[in-house]
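In my numbering, the protein residues as written are 6 to 834.
Written below as structure tokens is the structure these notes are about.
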């Protein structure tokens, strides 16, 4: 504690906040652990007392921060239609005629009463034709519907609600076109001027550069990635260069380093008399550090003070302040100070991927640079300095890449091998040329009316994109893996730290490093997953759409529908692909029940990323529909075989599993609306004693045709037709199917009113239990041919226990079972 007190304090605070987080899930177990530590830590003397005090304070602070939601917070009004008064906190991002932005709620009016409120919310609005669009800083009033932030609730999926909550956004507001916002006070002030400058930078970049080059320049200079295409983003991801697209510690460090170096060189070039006069007031180091501080602060300002940028700014400020004060900073102490400042202001930052990746990378770099040999006494010739610079660059790249790899696998389910070489070669290019020249040109553009040095900047950006794309195109550049368990990630880091810091016995260090390598190899060796001998079926939560994944006893996989895609939302990318990767699935057969975007749209994302054994559909095409053209273009590019199915057609995608096509009776010739719904493929899948009936969007006419066909319809599990529409699930059809359970694939708060109010009542009359993906998340089934068990992801995932929970001990026991014995939560049908 005495040698490096800030390091000890930071480690203790991190452990305390982690325990505070655990209090929300396992309150009794965590309190027991805190009680045990109360007897253990004080035994270490004064330092132990201080550590325990900080640990307890951090735990309580973290727990209170998670649940301390004031009564006037806007999140308490979700589900209401209100007249909202708020202020725009960022320039609205327009796409497809709709704007999206973050706003600070100030007041709302409902039931004739106006009350002040607080809290930020995400706003979606559709501006009326000819109306002035909202801008940064505008204070406005409009009628809006408030809803909670939701996530797609699937294994391996991204927790959007938690991500938004860490940014302080717990609700969203939807403003319809008819409810045009009334601007009460237009945006004004310093930050409004900054955002206008940013907009002028973007206009100049778009006029002078190609689309990808302009998008990259704006990402580097302002942190705005809205114009970065999915294609460009995926190439940077595959090359291990994703961090370049968001202003982070890399950018801040490069800008600070370049400014520091340029100032030092400029000072050295001053006449001797000037240099003496300057040195009497400030040292060259301090002057360079002070100007570097101004530069990175301006850079953060230009980024709109985004949270990850501010975190990186804090770290750079501490380093530069040490130089400004003429002190040699102890790297880990500076990092610990930055962590304490950030966590004191925002305890939830500890659980964000950006915070963890930034601090782990910087810590690894500091530890790696400490291993550099001491410089020799006396003059240091240029060849020696070049060798040391190259060695430092190699150590920094390897240390950051290796240290963050377990976290990247845990957060994103990805392993990337070209990233080490790509960063080694491209980050210097970014720091020496692309970022300083591009940033300087972009900042100067609004004043000049055009982008200066446009040809040079365009060439540098194009070369950087081309080099990144080359690395991305290498075979197997990006590997998707199942997210490793947290215990394995922690064990890997623990073994690495022991090997680096704790164990002086050289003979033991290879053993601990071997644990890291063995753990990673063991995890990778588990995938692709071996056959289980069971039929496994998962109805995924894809919002308003259908998607189901069936894995046969021999390991074959059939994907029936893939959900929808619109704008940046793609159910294939957000739900289906992560689920497949999480289960080690690499080869799939795809089936589209019918050509509508909420069923077939998400399949497009899967085609180039998985080995497609075959694609099956009903043969209909949607003339002029972009998604349909994209789907078949992707199938042609992949060389995937396409088959058309109708009643009685042979189709056996899963070995050992009976698959029967029941409808349509003949291939349709293309249709729209209800006709297309009734042409949906109806598939009956059976394994042993149990059957599943997949019905697409069929309605009453198709149900009547199935009843008249005399084909066997009985099934243990029914996929409810057409998301629970009032025009489906007739009494006669339900009586013929007689399912033990039915699943509605439906999106929360969907605009179609699905499921219709009468439909759940109809299933209840037939004594058929319902599961809903909007409430239960993924609905899972496992069958060995004799028994059938089911679970929902909402029941399997650990759930927070609020302080006011009526039965906290019972819920804590369920959380323990979810963590330690999830199989015990599966129930037989």
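Even glycine gets a Cβ: it sits at the ideal position worked out from N, Cα and C.
Report all residues from its chain with a CB closer than 7 Å to the CB of residue i; omit the five preceding and five following residues, and keep chain order.
i: residue 725; result: 734, 747, 748, 749
i: residue 363; result: 253, 254, 316, 317
i: residue 43; result: 57
Once the 5 residues before and after residue i are set aside, which same chain residues still bring their CB inside 6 Å of it?
i: residue 632; result: 602, 606
i: residue 21; result: 60, 63, 64
i: residue 358; result: 416
i: residue 598; result: 566, 604, 685, 686, 701
i: residue 583; result: 161, 162
Applying the 10 Å Cβ sphere with the 16-neighbour rule, what's the burial state of residue i?
i: residue 8; result: exposed
i: residue 481; result: exposed
i: residue 812; result: exposed
i: residue 313; result: buried
i: residue 568; result: buried
i: residue 465; result: buried
i: residue 713; result: exposed
i: residue 57; result: buried
i: residue 788; result: buried
i: residue 682; result: buried
i: residue 195; result: exposed
i: residue 229; result: buried
Between residue i and residue j, is the Cβ-Cβ spacing less than 8 Å?
i: residue 15; j: residue 300; result: no
i: residue 589; j: residue 558; result: no
i: residue 764; j: residue 729; result: yes
i: residue 555; j: residue 563; result: yes
i: residue 619; j: residue 639; result: no
i: residue 476; j: residue 423; result: yes
i: residue 204; j: residue 450; result: no
i: residue 404; j: residue 373; result: yes
i: residue 294; j: residue 325; result: yes
i: residue 552; j: residue 158; result: no
i: residue 577; j: residue 487; result: no
i: residue 793; j: residue 834; result: yes
i: residue 199; j: residue 307; result: yes
With DSSP run on the structure shown, which of helix, strand or coil describes residue i?
i: residue 586; result: helix
i: residue 575; result: strand
i: residue 122; result: coil
i: residue 623; result: coil
i: residue 566; result: strand
i: residue 692; result: strand
i: residue 282; result: helix
i: residue 726; result: helix
i: residue 158; result: coil
i: residue 6; result: Residue confidence is low: residue 6 scores 49 on pLDDT, short of 50, so the model does not pin down where it sits. No coordinate-derived value is stated.
i: residue 441; result: helix
Would you report the Cα separation of residue i and residue j, rounded to the nearest angstrom?
i: residue 338; j: residue 11; result: 6 Å
i: residue 370; j: residue 17; result: 22 Å
i: residue 137; j: residue 186; result: 9 Å
i: residue 473; j: residue 83; result: 44 Å
i: residue 738; j: residue 581; result: 30 Å
i: residue 222; j: residue 96; result: 18 Å
i: residue 132; j: residue 310; result: 27 Å
i: residue 491; j: residue 408; result: 15 Å
i: residue 91; j: residue 304; result: 27 Å
i: residue 699; j: residue 630; result: 25 Å
i: residue 795; j: residue 778; result: 14 Å
i: residue 206; j: residue 234; result: 19 Å
i: residue 801; j: residue 832; result: 12 Å
i: residue 151; j: residue 169; result: 15 Å
i: residue 189; j: residue 147; result: 10 Å
i: residue 541; j: residue 774; result: 20 Å
i: residue 180; j: residue 211; result: 30 Å
i: residue 743; j: residue 797; result: 21 Å
i: residue 840; j: residue 595; result: Past the boundaries of the shown model lies residue 840; the chain is included only from 6 to 834, so the question cannot be answered.
i: residue 571; j: residue 242; result: 22 Å
i: residue 162; j: residue 573; result: 16 Å
i: residue 704; j: residue 727; result: 7 Å
i: residue 626; j: residue 611; result: 19 Å
i: residue 260; j: residue 219; result: 20 Å
Could you pull out every residue in the same chain whose Cβ sits closer than 8 Å to the Cβ of residue i, ignoring the five residues on either side in sequence?
i: residue 94; result: 106, 107, 108, 109, 125, 141
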